[in-house]
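Participant:
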Amino acid sequence: MKHKVIFGWLLCCAVFSSIPANASPGSDNAPVDLQADSLTHDETGQEITASGHVILTQSGRKIEADKIIYYLKEDRAIATGHVIYTDPTGDKHYAERAEFSNAMKKGIVDGLQSFLTDGSRFTAKHGEDRGDVETVMKDASYTPCETCAKNPDDEPLWQIKASEVKHDKVNKRVTYKNARFELEGVPVLYTPYFAHPDGSVKRKSGFLTPSGGYKSDQGLYIQDSYYWDIAPDKDLTLGMRVMTNNAPLGRAQWRQRWAHAQLKLDGGLTYSDRTDSIGGVNVYQGDSLRSHLFADGNWDMNDKWRSGINLAMTSDAQYLRQYGIDSRKVLKNEIYTERFSGRDYAVGRFVAYQDLRVEEEQVDQPNVLPEIYANFIGEPDSVPLIGGRWNVETSFLGLRREASGQDMDRAGLGLGWNRRLTSDYGLVTVLDANMRGEFYRTRDREGALTDPSIRSHSSQTRSFANLNAQTSYPIAKQFEQSQVVIEPIVALTVAPKIGTNDNIPNEDSQDVQIDASNIFEPNRFPGLDRVEDQSHSTYGLRTGLYSFDGSYGDVFLGQSYSFDNKNNPFAVGSGLDEQQSDVVGQIRGSYEGDYTVDYRFQLDNENLTPQRHEVDAAMHTGGFSLGTQYLFAKALEGTDITETREQITNSASYNVTDHWRVTGAARHDLGSDPGLRQARVGLDYLGQCLSWSLSARRNLTDEASGDSGTEVFFRIGLKNLGGFEERDTQ
Numbered sequence: 124m125k126h127k128v129i130f131g132w133l134l135c136c137a138v139f140s141s142i143p144a145n146a147s148p149g150s151d152n153a154p155v156d157l158q159a160d161s162l163t164h165d166e167t168g169q170e171i172t173a174s175g176h177v178i179l180t181q182s183g184r185k186i187e188a189d190k191i192i193y194y195l196k197e198d199r200a201i202a203t204g205h206v207i208y209t210d211p212t213g214d215k216h217y218a219e220r221a222e223f224s225n226a227m228k229k230g231i232v233d234g235l236q237s238f239l240t241d242g243s244r245f246t247a248k249h250g251e252d253r254g255d256v257e258t259v260m261k262d263a264s265y266t267p268c269e270t271c272a273k274n275p276d277d278e279p280l281w282q283i284k285a286s287e288v289k290h291d292k293v294n295k296r297v298t299y300k301n302a303r304f305e306l307e308g309v310p311v312l313y314t315p316y317f318a319h320p321d322g323s324v325k326r327k328s329g330f331l332t333p334s335g336g337y338k339s340d341q342g343l344y345i346q347d348s349y350y351w352d353i354a355p356d357k358d359l360t361l362g363m364r365v366m367t368n369n370a371p372l373g374r375a376q377w378r379q380r381w382a383h384a385q386l387k388l389d390g391g392l393t394y395s396d397r398t399d400s401i402g403g404v405n406v407y408q409g410d411s412l413r414s415h416l417f418a419d420g421n422w423d424m425n426d427k428w429r430s431g432i433n434l435a436m437t438s439d440a441q442y443l444r445q446y447g448i449d450s451r452k453v454l455k456n457e458i459y460t461e462r463f464s465g466r467d468y469a470v471g472r473f474v475a476y477q478d479l480r481v482e483e484e485q486v487d488q489p490n491v492l493p494e495i496y497a498n499f500i501g502e503p504d505s506v507p508l509i510g511g512r513w514n515v516e517t518s519f520l521g522l523r524r525e526a527s528g529q530d531m532d533r534a535g536l537g538l539g540w541n542r543r544l545t546s547d548y549g550l551v552t553v554l555d556a557n558m559r560g561e562f563y564r565t566r567d568r569e570g571a572l573t574d575p576s577i578r579s580h581s582s583q584t585r586s587f588a589n590l591n592a593q594t595s596y597p598i599a600k601q602f603e604q605s606q607v608v609i610e611p612i613v614a615l616t617v618a619p620k621i622g623t624n625d626n627i628p629n630e631d632s633q634d635v636q637i638d639a640s641n642i643f644e645p646n647r648f649p650g651l652d653r654v655e656d657q658s659h660s661t662y663g664l665r666t667g668l669y670s671f672d673g674s675y676g677d678v679f680l681g682q683s684y685s686f687d688n689k690n691n692p693f694a695v696g697s698g699l700d701e702q703q704s705d706v707v708g709q710i711r712g713s714y715e716g717d718y719t720v721d722y723r724f725q726l727d728n729e730n731l732t733p734q735r736h737e738v739d740a741a742m743h744t745g746g747f748s749l750g751t752q753y754l755f756a757k758a759l760e761g762t763d764i765t766e767t768r769e770q771i772t773n774s775a776s777y778n779v780t781d782h783w784r785v786t787g788a789a790r791h792d793l794g795s796d797p798g799l800r801q802a803r804v805g806l807d808y809l810g811q812c813l814s815w816s817l818s819a820r821r822n823l824t825d826e827a828s829g830d831s832g833t834e835v836f837f838r839i840g841l842k843n844l845g846g847f848e849e850r851d852t853q
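Each residue of the sequence shown is one higher than the one before, starting from 124 at the first, in our numbering.
(1) Under DSSP, the beta strand (DSSP E) around Y442 begins and ends at which residues?
(2) Please list the terminal residues of the continuous beta strand (DSSP E) segment that includes T719.
(3) Taking the straight line between their C-alpha atoms, what separation do you get for L668 and W513?
(4) Taking Cβ to Cβ, would you say H736 is nearer than 9 angstroms to Y722?
(5) Quick one, are the C-beta atoms of A614 and N589 less than 9 angstroms apart?
(6) Taking only three categories from DSSP, how would you classify E766?
(7) If you follow the beta strand (DSSP E) that N557 is in, where does it begin and where does it stop?
(8) Using the C-alpha atoms, what's the distance from A827 back to A789?
(9) Are there 16 or more other CB atoms within 10 angstroms of the CB of V706, so buried, or fewer, so exposed?
(10) Taking the beta carbon of K620 as the centre, do at least 16 other beta carbons fall within 10 Å, making it buried, or is it exposed?
(11) Only counting the same chain, and skipping five residues up and downstream in sequence, which positions put a Cβ closer than 8 angstroms to that of E715?
(12) Whole alpha helix (DSSP H) runs in the region 412–438 with 4 or more residues, listed along the chain?
(13) Restricting to Cα atoms, I'd like to know which of A221, D255 and H216 is closest to T246.
(14) Under a Cβ-count criterion, where at least 16 other Cβ atoms within 10 Å of its own Cβ denotes burial, should Y442 be classed as buried or exposed?
(15) So L372 is in the beta strand (DSSP E); what residue range does that whole segment cover?
(16) According to the Cβ coordinates, are A618 and P645 closer than 9 angstroms?
(17) Taking all protein chains shown into account, decide if R451 is buried (16 or more other Cβ within 10 angstroms of its Cβ) or exposed.
(18) Quick check on A827: does DSSP put it in helix, strand or coil?
(19) Once you ignore the five residues that flank K190 on each side, which residues in its own chain have a CB closer than 6 angstroms to its CB?
(20) How long is the line joining the alpha carbons of G528 and D567, rounded to whole angstroms?
(21) Just the Cα atoms here: how many angstroms apart are R838 and G335?
(22) Reducing DSSP to helix, strand and coil, say where E715 ends up.
(23) Can you grab the Cα-Cα spacing for the pair Q169 / D210, in whole Å?
(24) Exposed or buried, which one is R380 when buried takes at least 16 other CB atoms within 10 Å?
(25) Does the beta carbon of Q709 fall short of 8 angstroms from some heavy atom of the ligand ATP?
(26) I think S518 touches I495, with their Cβ atoms under 8 angstroms apart; what is that distance to the nearest whole Å?
(27) What is the DSSP secondary structure of T332, counted as helix, strand or coil?
(28) How long is the line joining the alpha carbons of N843 and D347, rounded to whole angstroms?
(29) Using the Cα positions of E561 and S582, report the straight-line distance between them to the nearest angstrom.
(30) If the criterion is Cβ atoms closer than 9 angstroms, does the pair C271 and G810 meet it?
(31) Just to confirm my understanding: we take S579, look at its own chain, exclude 5 residues before and 5 after, and list those with CB closer than 7 angstroms. What are they?
(32) Could you tell me if N728 is buried or exposed, where buried requires 16 or more neighbouring beta carbons within 10 angstroms of its beta carbon?
(33) Would A318 be called buried (16 or more neighbouring beta carbons within 10 Å of its own) or exposed?
(34) Measure the C-alpha to C-alpha separation of V658 and Y548 and round it to an integer number of angstroms.
(35) Once the 5 residues before and after W281 are set aside, which same chain residues still bring their CB inside 8 angstroms of it?
(36) Just how far apart, CA to CA, sit I612 and L726?
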């Protein structure tokens, strides 16, 4: 057969967003395989007729029919009787009659039924494919819902019917006339016009899936957004939340990419009232303009330099939590420039903070104007004679507070050396030597007015050095399906006693808490403003059982001992304020990934009474999941943690069936003012083609937090039309 048989059954791409419009066609020159019970050629009429179980295959396409007549002069083919077309993707299309022309690029189909590999299906009484321009279908319906196995003739869970469906192949868009949305065959929504992008388009302008609910301070609300695909490198999303008790909340988000940069802007604006906390007393604030502005961007200037911006600003402390935009308690605004070169790193930044805390005492957060930091690390064994590698660290920090608050400038330089040694019998030793110096200039020093020993304005210098040696001896025993490891660890840190200079402010070394991750550090102070100027030893043991299937269980215990406990630099409650530190430990376990636990603790060094507990545990069995987080921590002197904290958070979910899931969570305060702080329950339906979620949340926090009250939220998702959440089939 000399004529090429090109079956572009493009009607399967005509309708909905799940149907790909850009499937790669097979080569027109590919060989055609023809099977038929009989084949006749009418030379006079220039007709070729194949009848009886006709099967044509070419380039992964297959067409089956009782009869196919090909008119050579007209370049037209007609297939009749049980017509079945299978495209290269595996989608099957059934028709009563199909007619093709123009090298099989145009066609007319009657009685079309299509079944796609993703479970979607559509029907049409009549369809016409107009080449590469468009496809038009009359009296069409579409559903992504699979056919019911027990009752295949039942109406699908949902479908869209329309008097006409048109697929614009040029603009990649599907439009409907007189569209009806039906649930189990019952019409619930009608629109004279409806459109959405086809499945080949990742981004297209249009409305997003709406959601709604109820919140005690806002009343009933509904929110939706319009997405504007401006260009391949930029887009804009405009949203609105309409409420019965408040003025609308408008939202806007702009995103843009360049060749070496990107920027995202997010903002909101409304006019409403709020409850604020002034001096610990809740005060009603009348209607006013309230807003926020977020910005995130970065610019890769070259292969070593990068700049960026992170902005987060809001009109008041309650706005972000009240409207569910952001839950952060302190907002950070930052402009920075970074340099990467091999192992070396440098950064310069300007930082400003906005404190949104209302339940705790707000701290006068300083502005960082600026911070400059650079770290240079040498190659391994680059130090002559003694080997190891060197490192150099330099920094500058400028802190500025409003009005007469404490201001500080700090410049520092640090030198270090590190070497790792492994003996023939497995002893691992790490040697560290560090020395550094800082220069401080302080103005309007905090506490100077009440303490004569503290100068309001001062300049100070400090130098410090330490030497640390840490040795461990990991011992492993191999079994058939697991391995046992026992690793004793001991460290010795030698440091001169220089004392604490009260004229050096403590800005970044306040929150000292020891745990399994930092007990072996030579300096357990965070930051640079305080140094651990006492020689000490640290000892511990880590042991565990590790299965080759990924399950494991291990335990760590550690403690340190100071050789000189006079003028201890650590605050009471830190666990390091006595000669012998508190005992810290960690117990971890995981069984096949379904049961996990991580328990971290700090025990008093004398009577082993609890000072801090942290537990994270989770289990997944069958359709049931449970998670628990528990915290107990005593107050820490010299910080804003002024009272003992104890709270527990529990969460659970249960898959009642393959489609139904219930969820719940609760957080309880177990401290000095015990009680329920937050509770949430939810009911989810996760069907094959439809999902919806109904949840209720109750916050019993301070009204001035902006997050208190009751909220009910509802969301629906339709497969291939947006917001759809697939059920977990595992």
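Cβ atoms here follow ideal geometry from the backbone N, Cα and C, with glycine treated the same way. None of the values given here were measured: they were computed from a predicted structure.
Facilitator: Straight from the coordinates:
(1) Your numbering for residue 442 matches position 319 in the sequence shown. Taken as a continuous stretch (DSSP letters only), Y442 belongs to no beta strand (DSSP E), being part of the alpha helix (DSSP H) at Y442 to Q445.
(2) Working through the sequence shown from its first residue, we reach residue 719 at position 596. From DSSP, the beta strand (DSSP E) with T719 extends over Y718 to L726.
(3) The residue given as residue 668 occupies position 545 in the sequence shown. The residue given as residue 513 occupies position 390 in the sequence shown. If I take the Cα positions, the gap works out to 36 angstroms.
(4) In the sequence shown, the residue the question calls residue 736 occupies position 613. In the sequence shown, the residue the question calls residue 722 occupies position 599. Cβ distance < 9 angstroms, so H736 and Y722 count as in contact.
(5) Translated into positions along the sequence shown, residue 614 becomes position 491. Translated into positions along the sequence shown, residue 589 becomes position 466. Not in contact: A614 and N589 (Cβ atoms no closer than 9 angstroms).
(6) Within the sequence shown, numbered from 1, the residue matching residue 766 stands at position 643. The answer is coil: DSSP assigns E766 none of H, G, I, E or B.
(7) Within the sequence shown, the letter at position 434 stands for residue 557. Per DSSP, N557 belongs to the beta strand (DSSP E) from V551 to R566.
(8) On the sequence shown, residue 789 is found 666 positions in, with the first residue counted as 1. On the sequence shown, residue 827 is found 704 positions in, with the first residue counted as 1. Approximately 21 angstroms between the Cα atoms of the pair.
(9) Sequence index remark: in the sequence shown, residue 706 carries index 583 (1-based). By the 10 Å Cβ count, V706 comes out buried.
(10) Locating residue 620 in the sequence shown gives position 497, counting from the first residue. Answer is exposed; the Cβ neighbour count stays below 16.
(11) Locating residue 715 in the sequence shown gives position 592, counting from the first residue. The residues are D672, G673 and S674.
(12) none
(13) The residue given as residue 246 occupies position 123 in the sequence shown. With distances taken between CA atoms, T246 lies nearest to H216 out of A221, D255 and H216.
(14) In the sequence shown, residue 442 corresponds to position 319, counting from 1. The residue is buried, with at least 16 neighbouring Cβ atoms inside 10 Å.
(15) Working through the sequence shown from its first residue, we reach residue 372 at position 249. L372 to R380 is the span of the beta strand (DSSP E), which, as asked, contains L372.
(16) The count along the sequence shown starts at 1 and reaches residue 618 at position 495. The count along the sequence shown starts at 1 and reaches residue 645 at position 522. Using a Cβ distance threshold of 9 angstroms, A618 and P645 count as a contacting pair.
(17) Sequence index remark: in the sequence shown, residue 451 carries index 328 (1-based). It counts as exposed.
(18) Stepping through the sequence shown from its first residue, residue 827 is reached at position 704. Look at A827 here: in three-state DSSP terms it is helix.
(19) Mapped onto the sequence shown, residue 190 falls at position 67. Here the set comprises S174, T203 and G204.
(20) The residue you call residue 528 lines up with position 405 of the sequence shown. The residue you call residue 567 lines up with position 444 of the sequence shown. Their backbone Cα atoms lie some 6 angstroms apart in a straight line.
(21) Within the sequence shown, numbered from 1, the residue matching residue 838 stands at position 715. Within the sequence shown, numbered from 1, the residue matching residue 335 stands at position 212. Each residue's alpha carbon lies about 7 angstroms from the other.
(22) Counting from one through the sequence shown, the residue named residue 715 turns up at place 592. Three-state result, E715: coil.
(23) Here residue 169 is taken as the residue at index 46 of the sequence shown, counted from 1. Here residue 210 is taken as the residue at index 87 of the sequence shown, counted from 1. Going from the Cα of Q169 to the Cα of D210 covers about 28 angstroms.
(24) Position 257 of the sequence shown, counted from the start, is the residue given in the question as residue 380. Its Cβ having fewer than 16 others within 10 Å, R380 is exposed.
(25) In the structure on display, the ligand ATP does not appear, and there are no ligands present to speak of.
(26) In the sequence shown, counting from the first residue as 1, residue 518 sits at position 395. In the sequence shown, counting from the first residue as 1, residue 495 sits at position 372. S518 to I495, Cβ: 7 angstroms. Contact.
(27) Your numbering for residue 332 matches position 209 in the sequence shown. Looking at T332 - three-state DSSP - the assignment turns out to be coil, as it is neither helix nor strand.
(28) What you label residue 843 is simply residue 720 of the sequence shown in a count that begins at 1. What you label residue 347 is simply residue 224 of the sequence shown in a count that begins at 1. C-alpha separation (whole angstroms): 18 angstroms.
(29) In the sequence shown, residue 561 corresponds to position 438, counting from 1. In the sequence shown, residue 582 corresponds to position 459, counting from 1. So the two alpha carbons sit approximately 11 angstroms from each other.
(30) In the sequence shown, counting from the first residue as 1, residue 271 sits at position 148. In the sequence shown, counting from the first residue as 1, residue 810 sits at position 687. Contact flag unset, no.
(31) Your numbering for residue 579 matches position 456 in the sequence shown. Excluding residues within five positions, the ones whose Cβ falls inside 7 angstroms are D567, R568 and A571.
(32) The residue given as residue 728 occupies position 605 in the sequence shown. Buried, by the Cβ-count rule.
(33) In the sequence shown, the residue the question calls residue 318 occupies position 195. Counting of Cβ neighbours within 10 angstroms places A318 among the exposed residues, the total staying below 16.
(34) Position 535 of the sequence shown, counting from 1, holds the residue named residue 658. Position 425 of the sequence shown, counting from 1, holds the residue named residue 548. Note on identity: in this sequence residue 658 is Ser, with Val being the wrong assignment. When the Cα atoms are used, S658 and Y548 turn out to be separated by approximately 29 angstroms.
(35) Translated into positions along the sequence shown, residue 281 becomes position 158. Hits under 8 angstroms: T266, C268, F304, E305, L306, E307, C812, L813 and L841.
(36) If you number the sequence shown from 1, residue 612 lands on position 489. If you number the sequence shown from 1, residue 726 lands on position 603. Approximately 19 angstroms, taken between the alpha carbons.
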